Amino acid sequence: MTTPKFVGVETEYGIAVDGPTEVNAVLASSLVVGAYRRSGRRDVRWDHTDEHPMRDARSPEPDDAYEPSIDDELGLANTVLTNGARFYVDHAHPEYSTPECTNARDLVVWDKAGEWVLRNAAARAADTLPQGSRVLVHKNNTDGKGAAYGTHENYLVDRQVPFGHLTRLLLPFFVSRTLYVGAGRIGSELDESVGFQLSQRADFFEVEVGLETTLKRPLMNTRDEPHADPQRYRRLHVINGDANLCEVATYLKVGTMLLILDMIEDGELTDVPELADPVSAFHAFSHDVTCRGRVRLADGGEASAVELQRHYLDACQRYVKQREIVDPTTLDVLQRWQQVLDLVDDDPRQLAGIVDWATKLELLEGYRRRHDLPWTHDRMKMVDLQYHDVRLESGLYHRLVERGRVERLVGDDEVAAAVHTPPVDTRAWFRGECIRRFGEDVVAAGWDSLVLDVGGESLQRVPMMEPGRGTRELTGALLEEVTTAAELVARLAGDEG
Amino acid sequence: MSDSGSQRRREDVDREEREEDAPQEAASSTARDEELLDDVDELLDEIDDVLETNAEEFVRGYVQKGGE
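Taken in sequence, the protein lines are chains A and B.
Under the working numbering, think of the first position of the first sequence as 1, with each following residue one higher.
Under the working numbering, think of the first position of the second sequence as 1001, with each following residue one higher.
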């Protein structure tokens, strides 16, 4: 509560082109992102001025070595949308980064809006390819053949909280939240006897703490690039979660973190169980569909994933009571979190229709029984993969939604609006509205800046270092009053002077 | 694909078997359970309809580059 909360989630989507011509993944991703740009408009470039992806939360002195902007060098497609999101090619995947949100419910809305963007963009991209081509996009995290790609949550945390403190308090939480964060998958990178496991990504994690995201993946990532005032904020870059289609899963993934981070900042969460081996616990919990297994604690005891989660839930419930927090989203997150843990205690299969792994498992088991197939059969793997297909008519998740078998939290009308409009209560509002109003003059945008071409000798860079400014409340009247980007820049200069 | 014909035949056999089983199940189920079972059956029918027809080929060809 000491520091306002901001969250954004980046998702790299899986991509495949089916058709008469072979198209590699980088080109396919570029076609998808490029297809979404408005006709006649130039792309809004990404402003890398304040980016330092190699800055490590553990080192006291930031390393300011030259960092090339790789996507610019390769000319990969990038655009910034009127909803404040970034939509671009990262490695060989189309990636959607939500605008900054202040709460879990908004995050669900703008994360879903990303699925709509990808669905639309992939259909348009297919139209640019020879007849009979299909561009298929999956909101998943692994191809089941050794490659993993990310869904990263980003939270701003009070700079005063030491990083080591966050690590100690969060590791047991991260390894056990798979109960609701897991998107489920057939098979394992580590154990041939695993038919199905809870997490898409768990097997790809090898160390507890580190800066890497593509090799030796760490449970606790140390990338410290707040895209905000570094004196006030640090960034917590959480890379161990899965991409979720179930709204309740995304909601809990983010909602629980926001609440726990509040508690940590307030010094109200100090005592958590210490795991003997967090990485192997992450794997073990993921491989156990009964959710009954226990892992070793450093003190010689044992705990199940539910027991670890209940430790955090109990602490959050006490905190909310003590602080007399009445925010409806926070209270709803707590209630649903408890409900999920109660269901796991009773029978984890009851999570079908609520979280992804159990929803997919129920589907796979039905299909397996009907056709008498082994887990490793290609058609079982196809069901696994097609669950994540973003198309409404053939994505299996969407077929379940259509049948009313999946719990929803947000309305399609809200999501449709969020495809085009930003959240009103963060700087994403200013970013998105400037692009909507003055798109031709926005040369580049970053999380913490806008670069405008207002016709003078040099480009004008508008810094946006505070995510809580640039809201509709603070800038709405100003944007209504000006008619050009030049006027806007003049007014901003005047206001500051 | 060479083996899709045999799969189709197997599905048909599965369906026939299910139809044979259905009366027995209905006798021991409440109306609610029956509805749920019907719904699951319809759902699985739909999966059969929308699942990639070239599943084997598609799954084998689905190779992603690592990311992040």
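Glycine included, C-beta positions come from ideal geometry on N, C-alpha and C.
From a predicted model like this one, the values you see are computed outputs, not experimental measurements.
Residue range of the beta strand (DSSP E) that includes residue i
i        : result
Arg134/A : Arg134 to His138
Thr11/A  : Val7 to Glu12
Glu225/A : Where Glu225/A is concerned, there is no enclosing beta strand (DSSP E), given that its DSSP letter is neither H nor E.
Ser449/A : Ser449 to Leu452
Glu153/A : Thr151 to Asp158
Arg405/A : Unbroken run through Arg405/A: none, as it is neither H nor E.
Beta-bridge partners of residue i, as assigned by DSSP
i         : result
Arg294/A  : Ser304/A
Asp90/A   : His93/A
Asn78/A   : Tyr88/A
Asp56/A   : Arg223/A
Asp18/A   : Arg134/A
Cys101/A  : Val7/A
Trp46/A   : Ala445/A
Leu492/A  : In DSSP, Leu492/A forms no bridge with anything.
Leu275/A  : Leu297/A
Gln1064/B : The partner list for Gln1064/B (beta bridge, DSSP) is empty, contrary to what the question assumes.
Pro463/A  : Ser449/A
Ile186/A  : Phe196/A
Ala148/A  : Thr142/A
Asp389/A  : His138/A
N-terminal and C-terminal residue of the alpha helix (DSSP H) that residue i is part of
i         : result
Thr329/A  : Pro328 to Asp346
Arg1061/B : Correcting the residue identity first, residue 1061/B is Gly in this sequence and not Arg. First-last of the alpha helix (DSSP H) with Gly1061/B: Ala1055 to Gly1061.
Val108/A  : Ala104 to Asp127
Thr426/A  : From DSSP, Thr426/A is part of no alpha helix (DSSP H); its letter is neither H nor E.
Pro172/A  : Phe163 to Ser176
Pro446/A  : The sequence given here has Gly at residue 446/A, not Pro. That residue, Gly446/A, is in no alpha helix (DSSP H); its beta strand (DSSP E) goes Val442 to Gly446.
Val26/A   : Ala25 to Tyr36
Gln386/A  : Asp378 to Gln386
Arg370/A  : Asp356 to His371
Arg349/A  : Careful: Arg349/A lies outside any alpha helix (DSSP H) and carries neither H nor E.
Val279/A  : Pro278 to His287
Val415/A  : Asp412 to Ala418
Arg472/A  : Arg472 to Glu481
Min CB distance residue i to chain D below 9 Å
i        : result
Leu179/A : As a matter of chain content, chain D is missing from the structure shown, whose protein chains are A and B.
Legend entry - Positions along the region 81 to 98 of chain A whose CB lies within less than 7 Å of some CB in chain B: Cβ contacts with chain B come from Asp90, His91, Ala92 and His93.
Legend entry - Selection of the region 361 to 387 of chain A by Cβ proximity to chain B, strictly under 7 Å: Contact annotation: in the region 361 to 387 of chain A, residues whose CB is within less than 7 Å of a CB in chain B are Gly366, Tyr367, Arg370, His371, Asp378, Arg379, Lys381, Met382, Val383, Leu385 and Gln386.
Inset, instruction - Mind checking the region 214 to 226 of chain A against chain B and listing, in chain order, the residues whose C-beta falls within less than 9 Å of any C-beta there? - result: Of all residues in the region 214 to 226 of chain A, Thr214, Leu215 and Arg217 have a Cβ within less than 9 Å of some Cβ in chain B.
Inset, instruction - Pair every Cβ in the region 376 to 396 of chain A with every Cβ in the region 316 to 332 of chain A, then say whether three or more of these pairs are closer than 8 Å. - result: Taking a cut-off of 8 Å for Cβ pairs, the region 376 to 396 of chain A and the region 316 to 332 of chain A do not touch, as fewer than three such pairs fall below it.
Legend entry - Proximal residues, the region 1048 to 1061 of chain B versus chain A, C-beta separation under 9 Å: Per Cβ criterion, the list reads Asp1048, Val1050, Leu1051, Glu1052, Asn1054, Ala1055, Glu1056, Glu1057, Phe1058, Val1059, Arg1060 and Gly1061.
Legend entry - Sequence ranges, beta strand (DSSP E) only - wholly within the region 195 to 250 of chain A, length at least 3: Segments of the beta strand (DSSP E) lying fully in the region 195 to 250 of chain A: 205 to 210, 217 to 221 and 233 to 238.
Inset, instruction - Pair every Cβ in the region 417 to 432 of chain A with every Cβ in the region 20 to 34 of chain A, then say whether three or more of these pairs are closer than 8 Å. - result: No, they do not touch.
Inset, instruction - Output, in sequence order along the chain, the residues in the region 130 to 144 of chain A whose CB is closer than 8 Å to any CB in chain B. - result: The region 130 to 144 of chain A vs chain B, Cβ under 8 Å: Thr142, Asp143 and Gly144.
Legend entry - Contact the region 238 to 257 of chain A vs the region 148 to 160 of chain A: 3+ CB pairs below 8 Å: Enough Cβ pairs lie closer than 8 Å, so yes.
Inset, instruction - Could you tell me whether the region 138 to 145 of chain A touches the region 158 to 169 of chain A, where touching means 3 or more Cβ pairs closer than 8 Å? - result: The region 138 to 145 of chain A makes no contact with the region 158 to 169 of chain A, as fewer than three CB pairs between them are under 8 Å.
Inset, instruction - May I ask you to list, following chain order, the residues of the region 399 to 416 of chain A that have a beta carbon less than 8 Å from some beta carbon of chain B? - result: Answer in chain order: Arg399, Leu400, Arg403 and Arg405.
Inset, instruction - Decide yes or no for the touch test of the region 306 to 316 of chain A against the region 220 to 238 of chain A: beta carbon pairs closer than 8 Å, at least 3 of them. - result: Per the Cβ contact rule, the region 306 to 316 of chain A is not in contact with the region 220 to 238 of chain A (fewer than 3 Cβ pairs under 8 Å).
Legend entry - Touch test, the region 95 to 106 of chain A against the region 8 to 16 of chain A, Cβ-Cβ under 8 Å, three pairs minimum: Yes: the two stretches touch, three or more of their Cβ pairs being nearer than 8 Å.
Legend entry - Three or more C-beta pairs below 8 Å linking the region 108 to 116 of chain A and the region 355 to 375 of chain A: No: the two stretches stay apart, fewer than three of their Cβ pairs being nearer than 8 Å.
Legend entry - chain B contacts made by the region 228 to 241 of chain A, where a contact means CB separation under 9 Å: Taking 9 Å as the Cβ-Cβ cut-off against chain B, the residues of the region 228 to 241 of chain A that qualify are Ile239.
Legend entry - Segment contact, 8 Å Cβ cut-off, at least three pairs: the region 388 to 405 of chain A with the region 76 to 89 of chain A: As far as the Cβ criterion goes, the region 388 to 405 of chain A does not touch the region 76 to 89 of chain A, which means the pair count is below three.
Legend entry - Validate contact between the region 458 to 468 of chain A and the region 406 to 424 of chain A using beta carbons, cut 8 Å, 3 pairs: Too few Cβ pairs lie closer than 8 Å, so no.
Inset, instruction - Determine, using beta-carbon pairs with one atom in the region 433 to 452 of chain A and one in the region 120 to 135 of chain A, whether at least three such pairs fall under 8 Å. - result: Short answer: they don't touch.
Inset, instruction - Could you please tell me which residues of the region 6 to 21 of chain A, in chain order, have their CB closer than 8 Å to any CB of chain B? - result: Residues are counted here when their Cβ sits less than 8 Å from a Cβ of chain B; for the region 6 to 21 of chain A these are Glu12, Gly14, Ile15, Ala16 and Asp18, given in chain order.
Legend entry - Contact residues within the region 148 to 176 of chain A, judged by C-beta distance below 8 Å to chain B: For the region 148 to 176 of chain A, the set of residues with a beta-carbon nearer than 8 Å to any beta-carbon of chain B comprises Ala148, Tyr149, Gly150 and His152, in chain order.
Legend entry - Contact between the region 169 to 187 of chain A and the region 270 to 278 of chain A (3+ Cβ pairs under 8 Å): Under the Cβ criterion (8 Å, minimum of three pairs), the region 169 to 187 of chain A counts as touching the region 270 to 278 of chain A.
Inset, instruction - Could you say if the region 78 to 92 of chain A and the region 474 to 494 of chain A meet the contact criterion of at least three C-beta pairs nearer than 8 Å? - result: They do not touch, by the three-pair rule.
Inset, instruction - Decide yes or no for the touch test of the region 1035 to 1047 of chain B against the region 116 to 129 of chain A: beta carbon pairs closer than 8 Å, at least 3 of them. - result: Output reads no: the region 116 to 129 of chain A does not touch the region 1035 to 1047 of chain B.
Legend entry - Three-pair Cβ contact test at 8 Å for the region 219 to 226 of chain A versus the region 45 to 57 of chain A: Verdict: yes, contact present.
Inset, instruction - Say whether the region 294 to 301 of chain A touches the region 178 to 194 of chain A, bearing in mind that this needs 3 or more beta-carbon pairs closer than 8 Å, one atom from each stretch. - result: The answer is no - the region 178 to 194 of chain A does not touch the region 294 to 301 of chain A, with fewer than three Cβ pairs under 8 Å.
Inset, instruction - Flag this pair as touching only if the region 15 to 24 of chain A and the region 485 to 494 of chain A have three or more C-beta atom pairs under 8 Å; answer yes or no. - result: Under the three-pair Cβ rule at 8 Å, the region 15 to 24 of chain A does not count as touching the region 485 to 494 of chain A.
Inset, instruction - Note down, in chain order, all residues in the region 347 to 360 of chain A with a beta-carbon under 8 Å from any beta-carbon belonging to chain B. - result: Those would be none; no residue qualifies.
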